[in-house]
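Enquirer: Per the numbering used here: the sequence shown = residues 899 to 1014. Backbone N, C-alpha and C fix where the C-beta goes; we use that ideal spot for every residue, glycine too. Bear in mind that the values here come from a model prediction, so they are computed numbers and not experimental data. The structure under discussion is supplied below as structure tokens; questions concerning it will follow.
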Amino acid sequence: MISYETYKVLHLVSILFLFTGLAISFYSANAPKIIKIVTGIATLLTLVAGMGLMARLGIGHTGGWPTWIIVKMIIWFIVGIGGAVVAKRFPKYGKPAYWIFMGLFVVAAFFAVNKY
Ligand code: HEM
């Protein structure tokens, strides 16, 4: 069984790869394919590890989520899915997206720590 601590390390490391991978894609004219692959994997692992942490904290996966989880799910969707779309389809919006995503990171971290 994967421990709470292992899920937390996986969650934080995935988040780091997700945000740095997007930053590279947004700020370079042609990011190497490996960056896009790693960013995609990190997007998925951020969610999987987040779900694992929910399980270890006894938060059910079938809805009835606390506000902080809902907020983080929305942020994950905007950053993970929205980020991939911006990088692929709307690269000229990459630079503003980077700053918006940094703001969303702060919001996600705030909700994760304070659990409102
Ligand atoms: C890009 C989006 C996300 C960011 C930036 C983010 C950020 C963080 C951070 C910084 C922590 C550590 C907080 C602490 O040490 O207390 C954390 C913990 C956590 N996150 Fe996320 N997260 C994201 C997405 C998600 C998603 C999608 C889920 C659910 C599927 C999730 C569920 C959790 C849980 C359950 C914890 C553990 C809280 C605890 O240990 O008390 N996160 N997240």
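Once the 5 residues before and after LEU1002 are set aside, which same chain residues still bring their CB inside 7 Å of it?
Expert: So the list reads ILE973, ILE976 and VAL977, once near-sequence residues are dropped.
Enquirer: Below 8 Å, can you find three or more Cβ-Cβ pairs linking the segment 905 to 915 to the segment 979 to 998?
Expert: Taking 8 Å as the limit for Cβ pairs, the verdict is that the segment 979 to 998 does not touch the segment 905 to 915.
Enquirer: Among ALA940, LEU916, MET949 and ALA921, which has the Cα closest to the Cα of SER901?
Expert: Ranking ALA940, LEU916, MET949 and ALA921 by Cα distance to SER901 puts MET949 first.
Enquirer: Compute every distance between the C-beta of MET949 and the non-hydrogen atoms of the ligand HEM, then say whether any falls below 7 Å.
Expert: Yes, the ligand HEM has a heavy atom inside 7 Å of this Cβ.
Enquirer: How big is the Cα-Cα spacing for THR918 and LYS1013?
Expert: In a straight line, the C-alpha of THR918 is about 25 Å away from that of LYS1013.
Enquirer: Quick one: Cα of LEU955 to Cα of VAL1011, how far?
Expert: Their Cα atoms are separated by approximately 13 Å.
Enquirer: Going by other Cβ atoms of all chains shown within 10 Å of its Cβ, with 16 needed for buried, is LYS927 buried or exposed?
Expert: One point to set straight first is that residue 927 is Ala, not Lys, in the sequence displayed. Under this definition ALA927 is an exposed residue.
Enquirer: Are there 16 or more other CB atoms within 10 angstroms of the CB of THR965, so buried, or fewer, so exposed?
Expert: The residue in question, THR965, is exposed, as its Cβ has fewer than 16 Cβ neighbours within 10 Å.
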